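In what follows, a single structure is set out as structure tokens and then discussed.
2 protein chains.
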Amino acid sequence: MNPTIYDVAREAGVSMATVSRVVNGNPNVKPTTRKKVLAAIERLGYRPNAVARGLASKKSTTVGVIIPDISSIFFAELARGIEDIATMYKYNIILCNSDQNKEKEIHLINTLLEKQVDGIVFMGGEITDEHAEQLRRSPVPVVLAATIDPKEEFPSVNIDYKQAVNDAISFLTEQGHKRIGMLSGPLEDPINGYQKFAGYREALEQAGIAFSEDLVIIGDYTHDSGVEAVGTFMSLAQPPTAIFTSNDEMALGVIHGAQDSGRSVPEDLEVVGFDDTRLATMVRPTLSTVVQPLYDIGAVSMRLLTKYMNKEEVSEHTVCLPHRLESRGSTKSLS
Amino acid sequence: MNPTIYDVAREAGVSMATVSRVVNGNPNVKPTTRKKVLAAIERLGYRPNAVARGLASKKSTTVGVIIPDISSIFFAELARGIEDIATMYKYNIILCNSDQNKEKEIHLINTLLEKQVDGIVFMGGEITDEHAEQLRRSPVPVVLAATIDPKEEFPSVNIDYKQAVNDAISFLTEQGHKRIGMLSGPLEDPINGYQKFAGYREALEQAGIAFSEDLVIIGDYTHDSGVEAVGTFMSLAQPPTAIFTSNDEMALGVIHGAQDSGRSVPEDLEVVGFDDTRLATMVRPTLSTVVQPLYDIGAVSMRLLTKYMNKEEVSEHTVCLPHRLESRGSTKSLS
DNA sequence: GTGAAAGCGCTAACAG
DNA sequence: CTGTTAGCGCTTTCAC
Numbered sequence: 001m002n003p004t005i006y007d008v009a010r011e012a013g014v015s016m017a018t019v020s021r022v023v024n025g026n027p028n029v030k031p032t033t034r035k036k037v038l039a040a041i042e043r044l045g046y047r048p049n050a051v052a053r054g055l056a057s058k059k060s061t062t063v064g065v066i067i068p069d070i071s072s073i074f075f076a077e078l079a080r081g082i083e084d085i086a087t088m089y090k091y092n093i094i095l096c097n098s099d100q101n102k103e104k105e106i107h108l109i110n111t112l113l114e115k116q117v118d119g120i121v122f123m124g125g126e127i128t129d130e131h132a133e134q135l136r137r138s139p140v141p142v143v144l145a146a147t148i149d150p151k152e153e154f155p156s157v158n159i160d161y162k163q164a165v166n167d168a169i170s171f172l173t174e175q176g177h178k179r180i181g182m183l184s185g186p187l188e189d190p191i192n193g194y195q196k197f198a199g200y201r202e203a204l205e206q207a208g209i210a211f212s213e214d215l216v217i218i219g220d221y222t223h224d225s226g227v228e229a230v231g232t233f234m235s236l237a238q239p240p241t242a243i244f245t246s247n248d249e250m251a252l253g254v255i256h257g258a259q260d261s262g263r264s265v266p267e268d269l270e271v272v273g274f275d276d277t278r279l280a281t282m283v284r285p286t287l288s289t290v291v292q293p294l295y296d297i298g299a300v301s302m303r304l305l306t307k308y309m310n311k312e313e314v315s316e317h318t319v320c321l322p323h324r325l326e327s328r329g330s331t332k333s334l335s
Numbered sequence: 001m002n003p004t005i006y007d008v009a010r011e012a013g014v015s016m017a018t019v020s021r022v023v024n025g026n027p028n029v030k031p032t033t034r035k036k037v038l039a040a041i042e043r044l045g046y047r048p049n050a051v052a053r054g055l056a057s058k059k060s061t062t063v064g065v066i067i068p069d070i071s072s073i074f075f076a077e078l079a080r081g082i083e084d085i086a087t088m089y090k091y092n093i094i095l096c097n098s099d100q101n102k103e104k105e106i107h108l109i110n111t112l113l114e115k116q117v118d119g120i121v122f123m124g125g126e127i128t129d130e131h132a133e134q135l136r137r138s139p140v141p142v143v144l145a146a147t148i149d150p151k152e153e154f155p156s157v158n159i160d161y162k163q164a165v166n167d168a169i170s171f172l173t174e175q176g177h178k179r180i181g182m183l184s185g186p187l188e189d190p191i192n193g194y195q196k197f198a199g200y201r202e203a204l205e206q207a208g209i210a211f212s213e214d215l216v217i218i219g220d221y222t223h224d225s226g227v228e229a230v231g232t233f234m235s236l237a238q239p240p241t242a243i244f245t246s247n248d249e250m251a252l253g254v255i256h257g258a259q260d261s262g263r264s265v266p267e268d269l270e271v272v273g274f275d276d277t278r279l280a281t282m283v284r285p286t287l288s289t290v291v292q293p294l295y296d297i298g299a300v301s302m303r304l305l306t307k308y309m310n311k312e313e314v315s316e317h318t319v320c321l322p323h324r325l326e327s328r329g330s331t332k333s334l335s
């Protein structure tokens with residue numbers, strides 16, 4: 001049996017309350033007493049029981065993190081941002097993969113709440129009414145990271161996805177491209193589908209270019225789907241001269257698919273990705289892409305959560321981080 | 001205030017014990033009673049408090065995972081394997097990044113133990129004496145994943161790194177290569193340095209090829225360090241005709257560095273990586289690499305941990321998973 | 001500056 | 001099949 005606070009108290013010849021005070025750094029303890037207690041702790045190899053502490057204090061110093069897939073290079077980076085800030089504020093993280101599955105997500109929220117987490121960072125697809133209902137019932141604060149809440153009911157941290165894509169496409173139209181392909185995620189996906197698609201259409205419209213359905217392909221975010229998509233694009237009667245993809249991995253696929261069929265990037269085809277994951281510099285030519293500050297989104301979300309957990313006043317409920325276009329080898333001109 | 005088991009008991013007109021029984025699926029409850037309790041739970045929106053349960057039952061259904069860096073494509077894959085199996089066995093995961101820093105690692109072990117985790121999966125560099133001492137004090141089982149314990153004191157899941165590298169190098173020598181470069185991790189790293197280096201030397205020796213110091217460069221596992229290393233290798237009086245790298249990312253760097261200087265892979269230079277992360281098929285030519293079952297290493301570690309946690313008999317304390325060489329475009333011949 | 005005592009919400013004998 | 005009763009190990013008033 002591990003020694004308890006009671007054992008330490010006895011060993012040190014003081015009360016449990018006093019031991020508790022020194023363990024928690026309460027200054028109202030005479031230095032001599034503190035010393036005695038510390039010695040007893042050392043002698044016994046006492047290790048405070050955080051579960052008991054949690055029950056008594058109603059705080060677990062643990063936050064829940066719901067993430068679609070930790071093995072994704074995209075989410076893993078976000079997770080790292082979250083974890084670093086959590087550590088900084090002395091919180092631990094319970095990490096759960098949801099695979100963006102609504103049932104799982106809702107179930108996980110519940111599990112985390114049962115475990116008495118002090119807050120939750122949620123990353124997922126869309127916040128549906130069912131999600132919202134569940135989240136509203138949460139006795140602890142929830143922050144959405146890289147996740148759109150159509151009603152802006154919950155605190156969230158994002159970039160302006162629509163504008164970001166608009167920037168990317170506008171960059172391309174300014175270079176004179178008239179036929180710009182878009183390799184999108186499923187349109188139901190609020191960020192990678194809907195928002196980005198909206199940015200694409202908006203930019204075309206602003207440039208006075210007619211929208212053509214042929215030029216939009218729905219991918220599944222994988223390299224393979226990029227390879228496949230270029231094939232389809234290139235077999236068009238009027239193939240695109242530039243392609244934008246909603247993530248970097250598909251962009252690599254597009255580059256490779258183009259090269260496989262003897263085309264060269266950026267001469268024959270310019271390519272712009274999205275995210276600026278580490279992949280972007282791990283291709284030749286290097287990938288021009290929209291920089292989304294993944295780590296920061298995670299870090300800021302967690303920081304925001306700490307504010308809510310401490311019941312601090314928060315000025316902005318919905319934070320929007322800056323993005324920019326990083327021009328590299330897969331596009332011709334320098335921006 | 002959230003309703004407690006006591007509130008539910010009162011609402012349903014039964015005792016706490018009965019409520020506890022239905023919540024825990026104990027069959028010794030009359031169906032009628034069960035129904036009443038369930039209804040009360042529903043009505044009150046009761047959510048069991050896992051912390052209280054943990055205190056009373058001395059089980060947290062939570063396991064700790066110490067990982068060097070979750071944002072690494074390598075470890076993220078391991079983590080996913082761990083998490084999936086944990087979920088399967090109804091455990092949650094407290095995830096902690098250690099950056100392979102010994103002090104952090106030891107501190108994290110302690111924190112996890114304070115939080116009363118039921119077990120720990122540890123991934124890290126080396127198990128030093130200090131680590132061992134700390135781990136020995138753990139009241140709960142610990143399993144090492146992709147981590148070498150020189151004394152084989154703790155349960156672990158790995159592949160035979162030395163043999164795996166030997167296989168890769170032997171494949172190259174069999175193709176007639178006499179000068180094979182190795183882009184290694186720091187030699188102090190027990191797996192990526194020491195073990196792999198040993199496999200390299202062994203294979204050369206078996207092939208009757210003299211070892212040459214020029215042909216070993218220490219990298220830092222990044223793409224850039226691969227690019228840089230080829231530069232150095234190629235400026236040698238007698239440059240290597242094939243290069244083995246201890247991870248895939250450096251291999252991509254090697255390929256790109258070679259291509260940047262006008263060489264073609266595999267014609268002018270053959271390249272073999274290690275890990276078979278998703279990167280391997282995201283380059284041109286695609287990367288021949290040693291397949292290490294990352295997800296499985298994570299999954300098996302977690303499975304092993306569940307056995308220890310359940311006090312089941314375990315036949316093999318130290319498990320060694322199979323590896324193989326996947327031949328792709330960066331080497332000439334098919335194996 | 002220190003101690004006594006009452007819980008925190010639940011499980012786990014033990015009775016009945 | 002159900003209820004009673006101790007705790008689990010700690011925090012937190014409230015006294016002194």
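Protein chains in written order, with UniProt numbering: chain A, 1 to 335; chain B, 1 to 335.
Note that beta-carbon positions come from the ideal geometry of N, C-alpha and C, so glycine has one too.
None of the values given here were measured: they were computed from a predicted structure.
- For ALA76 (chain B), the nearest CB of chain A lies under 8 Å from its own CB, placing it at the interface with that chain.
- Contact with chain A is absent for CYS320 (chain B), since none of that chain's Cβ atoms lies less than 8 Å from the residue's Cβ.
- In the three-state scheme derived from DSSP, where H, G and I count as helix and E and B as strand, ALA168 (chain A) is classed as helix.
- Taking the beta carbon of GLU83 (chain A) as reference, the chain B residues within 8 Å of it are ILE70, LEU95, CYS96, ASN97, listed in sequence order.
- Where ILE73 (chain B) is concerned, the enclosing alpha helix (DSSP H) starts and stops at 73 to 88.
- Rounded to whole angstroms, the gap between the alpha carbons of GLY25 (chain A) and ALA299 (chain A) is 28 Å.
- Any Cβ of chain A closer than 8 Å to the Cβ of SER330 (chain B) would place that residue at the interface, and such an atom is absent.
- Shown in chain order are the members of the region 258 to 288 of chain B whose Cβ falls below 8 Å from a Cβ of chain A: GLN259, ASP260, ARG278, LEU279, THR281, MET282, VAL283, ARG284.
- Per DSSP, PHE274 (chain B) is one residue of the beta strand (DSSP E) stretching across 270 to 275.
- Between VAL319 (chain A) and TYR308 (chain A), the alpha-carbon positions lie close to 14 Å from each other.
- Contacts with chain A at 8 Å (Cβ-Cβ) do not include LYS151 (chain B).
- Using beta-carbon distances, ILE73 (chain A) counts as an interface residue toward chain B, with a partner under 8 Å.
- The C-beta distance from THR232 (chain A) to PHE274 (chain A) rounds to 20 Å, too long to fall under 8 Å, and the pair is not in contact.
- Exposure of ARG136 (chain A) is indicated by the presence of fewer than 16 other C-beta atoms within 10 angstroms of its C-beta.
- Taking 8 Å as the cut-off between beta carbons, the residues of the region 242 to 257 of chain A near chain B are GLU249, LEU252, GLY253, HIS256, in sequence order.
- Assignment of SER60 (chain B) by DSSP, reduced to helix, strand and coil, places it in the coil class.
- Closer than 8 Å to the CB of PRO48 (chain A) there is at least one CB belonging to chain B.
- DSSP, read as helix, strand or coil, puts ASN97 (chain A) in strand.
- Take the alpha-carbon of PRO190 (chain B) and the one of TYR161 (chain B): they are about 10 Å apart.
- Residue contact check for ARG80 (chain B) against chain A: a CB pair falls below 8 Å.
- ALA12 (chain A) is bridged by DSSP to nothing; it lacks a bridge partner.
- By the neighbour-count criterion, in which 16 or more other beta carbons inside 10 Å mark a residue as buried, THR61 (chain A) falls on the buried side.
- Between HIS107 (chain A) and chain B, the shortest Cβ-Cβ separation is not below 8 Å.
- In the DSSP assignment, ARG324 (chain B) forms a beta bridge with B:VAL291.
- Neighbours of VAL51 (chain B) in chain A, taken as residues at a C-beta separation under 8 Å, are given in chain order as VAL51, GLY54, LEU55, SER60, LYS115, GLN116.
- Closest by C-alpha distance to SER184 (chain B), out of B:GLU174, B:SER225, B:ARG278, B:LEU172, is B:SER225.
- Under DSSP, VAL143 (chain A) takes part in a beta bridge, and its partners are A:VAL121.
- The beta carbon of ARG21 (chain A) is closer than 8 Å to those of ASN28, VAL29 in its chain, skipping five residues each way along the sequence.
- Taking 8 Å as the threshold, the shortest C-beta distance from THR111 (chain B) to chain A falls below it.
- When the Cα atoms are used, ILE180 (chain B) and PRO240 (chain B) turn out to be separated by approximately 5 Å.
- For the options A:GLY257, A:ARG303, A:THR18, the alpha carbon positioned closest to that of HIS317 (chain A) is the one of A:ARG303.
- For THR318 (chain A), the beta-bridge partners assigned by DSSP are A:SER156.
- If the five residues before and after GLY262 (chain A) are omitted, its C-beta is found closer than 6 Å to no C-beta atom of its own chain.
- Distance from ILE106 (chain A) to GLU130 (chain A) at the Cβ level is roughly 7 Å; contact confirmed, criterion being Cβ atoms closer than 8 Å.
- Linking ALA242 (chain B) to VAL157 (chain B) through their CA atoms gives a straight-line distance of about 30 Å.
- Contact between ASP69 (chain B) and ASP118 (chain B) does not hold, since their C-beta atoms are separated by about 25 Å, which reaches or exceeds 8 Å.
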